[in-house]
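Those sequence lines, one after another, are chains R and B. First residue of the first sequence: 302, per our numbering; consecutive thereafter. First residue of the second sequence: 44, per our numbering; consecutive thereafter. Glycine included, C-beta positions come from ideal geometry on N, C-alpha and C. None of the values given here were measured: they were computed from a predicted structure. Working notes, structure below.
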Amino acid sequence: MSTSSRRVAVVTGADGGIGAVIVETLESDGFEVVAATLNDGDWQADVASERDCDDLIARVVARYSRIDVLVNNAATMELHPIDKHDPVAWWRILDVNLSGPFFLSKAAARHLRQSRGCIVNMSSRIATAGGANASAYAASKAGLLGLTKSLALELAPHVRVNAVAPGAVDTSQLRFDAAEVGLSLDDYRAEMAARTPTLRLAEPIDVAETIAFLVSPRARQYTGQVFHLNGGTLMP
Amino acid sequence: MAAAAPLVEQRSTGASGRRPVALVTGGAGAIGGATCRGLADLGYAVVVNHLDTAGDAALLASTIDGAAIEADVADLTAVEDMFIEIERTFGPVSVVVCGAGFSEVSPIDSLTASQWDRMLAVHLGGAFNVIRTAIPSMSLVSDAAIVTIASELALSGSAERAHYVSAKAALIGLTKSVAHELAPLGITANCVAPGPIDTPLLSPHHRTAEFFEALPLRRLGTPTEVADAVMYLVKARWTTGQVLSPNGGAVIQ
Numbered sequence: 302m303s304t305s306s307r308r309v310a311v312v313t314g315a316d317g318g319i320g321a322v323i324v325e326t327l328e329s330d331g332f333e334v335v336a337a338t339l340n341d342g343d344w345q346a347d348v349a350s351e352r353d354c355d356d357l358i359a360r361v362v363a364r365y366s367r368i369d370v371l372v373n374n375a376a377t378m379e380l381h382p383i384d385k386h387d388p389v390a391w392w393r394i395l396d397v398n399l400s401g402p403f404f405l406s407k408a409a410a411r412h413l414r415q416s417r418g419c420i421v422n423m424s425s426r427i428a429t430a431g432g433a434n435a436s437a438y439a440a441s442k443a444g445l446l447g448l449t450k451s452l453a454l455e456l457a458p459h460v461r462v463n464a465v466a467p468g469a470v471d472t473s474q475l476r477f478d479a480a481e482v483g484l485s486l487d488d489y490r491a492e493m494a495a496r497t498p499t500l501r502l503a504e505p506i507d508v509a510e511t512i513a514f515l516v517s518p519r520a521r522q523y524t525g526q527v528f529h530l531n532g533g534t535l536m537p
Numbered sequence: 044m045a046a047a048a049p050l051v052e053q054r055s056t057g058a059s060g061r062r063p064v065a066l067v068t069g070g071a072g073a074i075g076g077a078t079c080r081g082l083a084d085l086g087y088a089v090v091v092n093h094l095d096t097a098g099d100a101a102l103l104a105s106t107i108d109g110a111a112i113e114a115d116v117a118d119l120t121a122v123e124d125m126f127i128e129i130e131r132t133f134g135p136v137s138v139v140v141c142g143a144g145f146s147e148v149s150p151i152d153s154l155t156a157s158q159w160d161r162m163l164a165v166h167l168g169g170a171f172n173v174i175r176t177a178i179p180s181m182s183l184v185s186d187a188a189i190v191t192i193a194s195e196l197a198l199s200g201s202a203e204r205a206h207y208v209s210a211k212a213a214l215i216g217l218t219k220s221v222a223h224e225l226a227p228l229g230i231t232a233n234c235v236a237p238g239p240i241d242t243p244l245l246s247p248h249h250r251t252a253e254f255f256e257a258l259p260l261r262r263l264g265t266p267t268e269v270a271d272a273v274m275y276l277v278k279a280r281w282t283t284g285q286v287l288s289p290n291g292g293a294v295i296q
């Protein structure tokens, strides 16, 4: 067993458009980053599986002897009309997006208490605004806000727990969203930006820098909070 | 395949055929009961859904000229069977109130996956199953309304209830999404998020002097006050995707 003098951050969904930038940003802030992914890599884990989550946390502790930060970023998104929603798809979305953060938070809780660490959960604008055909996704991301607030109370004063709720972020996912409404990627990007008070779409770095702030000592008085990152499209 | 129990009784002689139909899941409890009575007063034929409380449900149904039906809302097949039975007996459903649920306290460290799954399956999955199954019926009527019952704790968070609060907060996300989605059909979807209500299920902590001191309105809510919020949302035809939280000022946001 080795130990790390650097702070250790576990980031799930680390190979996604936002996840990869979170990993880079935390590394440049001096973290030892465990980049957890669903498919390949050294830190493979399906967050929908409690066993995988327990195993991931155990492997991190065996390797580094500490966990300072958990970023629950892994997620899945599917659109289904509610009356035709396949229950298997419904629960898969809930399992990945909501149960996954529960399993990992539970497994990491005692290590985070020891390190006086923090958790950041990746929610979404849709958690607060809702979205047609996105009932499972919205439920999962809204449920994550409930989990965030409850764990903020329960793990205080040792562990801070916050959430980030981005609106549209300029990642490869945007191509699918554009196709969904029959627009080219450039036209869709322009239309989304025009509808946003800041006249721009969020980029992954905007999300990553918000997370970097939340896990830094400068955010020591923030817990149970939801950071809305949407350019002013929603002001709850 | 889990079959829904047959409707206990339809007492009305003919008039019920013309009454709009309301289904209240978890209808035999204190808040559910007040909601059933409120809907009956508004003229609905009320179906009291319950699980393992046949006596209470039948008694309530008999006093409001409604019917009782047992089904575990977490079981999609049981919910589908329940709707077949309701539609056969009463006709299409106009109002569903998703109130089935239970409370449980557990620290995160000892909260098991099965506790977590059951909590989500009943509160969130139950509403998903009921709403999903109700849509064909609700699209046939005018003034259809869905009301989900969440909790003030979904807004504020609560220690040692990560599973309960996550499920209730998720229920709000579900409600808002179906509000968007079903608006073109004229179906509204709203949520009531009650604070501490004077029911047998309330924990002793909520009855202490210290708790009342901290609560702005200095008293517990009554089941009727929750039912009043439900009635308002059933009638409010230009209101959808909203969360109404009668909570004595416990959460002001």
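Flagged as an interface residue toward chain R: B/S209, by a C-beta distance shorter than 8 Å. Close partners of B/L154 in chain R (Cβ separation under 7 Å): K407. Comparing alpha-carbon positions, the option among B/G264, B/E256, B/G229 and B/R161 lying closest to B/I189 turns out to be B/G229.
Runs of the alpha helix (DSSP H) spanning 4 or more residues and lying entirely within the region 163-221 of chain B occur at 169-181 and 196-199, in chain order. A straight line joining the alpha-carbon of R/L454 with that of R/G418 spans about 14 Å. Between R/S451 and the set B/A121, B/H166, B/S201 and B/T265, the nearest pair of CA atoms involves B/S201. DSSP, read as helix, strand or coil, puts R/N398 in helix.
Within 7 Å of the CB of R/S400, the CB atoms of chain B belong to W159, in sequence order along the chain. Annotation note: the region 93-142 of chain B contains the following uninterrupted beta strand (DSSP E) runs of length 3 or greater, listed N- to C-terminal: 110-113 and 136-141.
According to the DSSP assignment, R/M493 belongs to the alpha helix (DSSP H) that extends over L486 to A495. Note on the region 403-431 of chain R: whole beta strand (DSSP E) runs with a minimum of 3 residues are 419-423, in chain order. By the neighbour-count definition (other C-beta atoms within 10 Å, threshold 16), B/K211 is a buried residue. Here B/L183 has P135 as same chain residues with Cβ atoms under 6 Å from its own Cβ, once five neighbours each way along the sequence are excluded. Exclusion of the five residues before and after R/A349 leaves D396, V397 and G401 as the residues of its chain whose Cβ lies within less than 6 Å of its Cβ. At a cut-off of 8 Å between beta-carbon atoms, R/N463 makes no contact with chain B. Around the Cβ of B/W281, a 10 Å sphere holds fewer than 16 other Cβ atoms; the residue is exposed. Excluding its 5 nearest sequence neighbours in each direction, B/I240 has C-beta neighbours in its own chain below 8 Å: A73, I74, L263, G264, T265, P266, E268 and V269, listed in chain order. Check the Cα spacing between B/L196 and each of B/R250, B/E130, B/S288 and B/A272: the tightest is with B/S288.
Residue range P505 to L515 is occupied by the alpha helix (DSSP H) that includes R/P505.
In chain order, T68, V116, V122, V139 and C141 place their CB closer than 7 Å to the CB of B/V173, counting only its own chain and leaving out the 5 sequence neighbours on each side. Boundaries of the beta strand (DSSP E) harbouring R/E333: E333 to A336, taken from the DSSP string. Not a single C-beta of chain R is nearer than 8 Å to the C-beta of B/V122. Distance from the CA atom of R/D355 to the CA atom of R/L405, rounded to whole angstroms, is 7 Å.
Sequence-ordered contacts of the region 368-392 of chain R with chain B read P382, I383, D384, K385, H386, P388, W391 and W392 [C-beta pairs closer than 9 Å].
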